[in-house]
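Asks: Going from the sequence shown to my numbering is simple: count from 1 and add 102.
Positions of the beta carbon are idealized from the N, C-alpha and C atoms, including for glycine.
Being a predicted model, the structure only gives us computed values, none of them experimental.
Can you keep this structure in mind? I'll have questions shortly.
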Amino acid sequence: MGTHLPAKSAPRIALIEDDESLALLLHYNLDAMGFEVEWTAHGTVALRRLLSDPPDLVVLDWVVPGLSGIEILRQLRQNAHTRALPVFMLTARTNPEDRKRASELGVEAFIPKPFALGDVLSRMQQLLLSSG
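As structure tokens, then:
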């Protein structure tokens, strides 16, 4: 008789996005790719969840109610348990200074909205493969 190894669970993605239609589009496509997605629209709630149970990847909008995405990123980088957590920022903020600030805080990808869905999904998959 062979032994059965426990199946590896699907990679978990935390989606922090207050635009419901965009969140549903991303959630649907990521779910179809085999990822487990947890969507949160409020920054304060999101940070509490990220710190208590870090996912494999964070997809983060800069402008969300409560704590901003950039503040969430800053706090994640200050916490020993989430310091290396890959963060993918999707944002309508396109100012070069915003991109620089996010980069200095250690964001792995900074994608301005609007974006090509296929490119974003492919980049997320690359980040998960390189961090796992």
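Exposed or buried, which one is Leu219 when buried takes at least 16 other CB atoms within 10 Å?
Replies: So Leu219 ends up on the exposed side.
Asks: What's the gap between the Cα of Phe190 and the Cα of Pro214?
Replies: One C-alpha to the other measures close to 11 Å.
Asks: So is Glu199 buried or exposed if we call it buried at 16+ other beta carbons inside 10 Å?
Replies: Glu199 comes out exposed.
Asks: Using only CA atoms, which one of Val161, Ala134, Ala194 lies nearest to Gly145?
Replies: Ranking the options by Cα distance to Gly145, first place goes to Val161.
Asks: Any Cβ of chain C within less than 8 Å of the Cβ of Gly220?
Replies: Going by chain labels, chain C is absent from the structure shown, which holds only one protein chain.
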